[in-house]
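For the numbering used here, add 12 to where a residue sits in the sequence shown, where the first one is 1. This report refers to the structure that appears directly beneath it.
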Amino acid sequence: MWLLDHNLPVQLKETLSLLNIYCDTTILRGWAALKNGDLIDASFKAGFRCIITRDTNFGESAKKSLKKYPDMS
Numbered sequence: 013m014w015l016l017d018h019n020l021p022v023q024l025k026e027t028l029s030l031l032n033i034y035c036d037t038t039i040l041r042g043w044a045a046l047k048n049g050d051l052i053d054a055s056f057k058a059g060f061r062c063i064i065t066r067d068t069n070f071g072e073s074a075k076k077s078l079k080k081y082p083d084m085s
């Protein structure tokens, strides 16, 4: 499952669904205020394995959490 970060338009969820890609958004889940590391933790525990974001520093700020979940991208 894919998770769309709060900095992407929620309409992208509909477009991806048309391509048979199940996804949800941080906004709809109430996770928009989570820090990047906390977002990784919450999303992985909820079954997501991919986070789509426009945050250019996401990987660096979430590095510690990403190491805990090598299946997360």
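By construction, the Cβ of each residue, glycine as well, lies at the ideal position given by its N, Cα and C atoms.
Candidates I52, S77 and S73, of which the one nearest T38 by Cα = Reading the sequence shown from its first residue, position 26 is the one you call residue 38. Among I52, S77 and S73, the Cα nearest to that of T38 belongs to I52.
I33 versus N48 - alpha carbon distance | Sequence index remark: in the sequence shown, residue 33 carries index 21 (1-based). Sequence index remark: in the sequence shown, residue 48 carries index 36 (1-based). Taking the straight line joining both Cα atoms gives about 23 Å.
To the nearest angstrom, report how far apart L30 and K79 are at their CA atoms.
-> Counting from one through the sequence shown, the residue named residue 30 turns up at place 18. Counting from one through the sequence shown, the residue named residue 79 turns up at place 67. Whole-angstrom Cα-Cα distance: 32 Å.
Helix, strand or coil: which one does DSSP assign to L53?
-> By one-based count along the sequence shown, residue 53 stands at place 41. It is Asp, not Leu, that sits at residue 53 in the sequence shown. D53: helix per DSSP, three-state reduction.
D36: which of L16, E72 and M84 sits nearest, CA to CA?
-> Residue 36 sits at position 24 when you count from the first residue of the sequence shown. The candidate whose alpha carbon is nearest that of D36 is L16.
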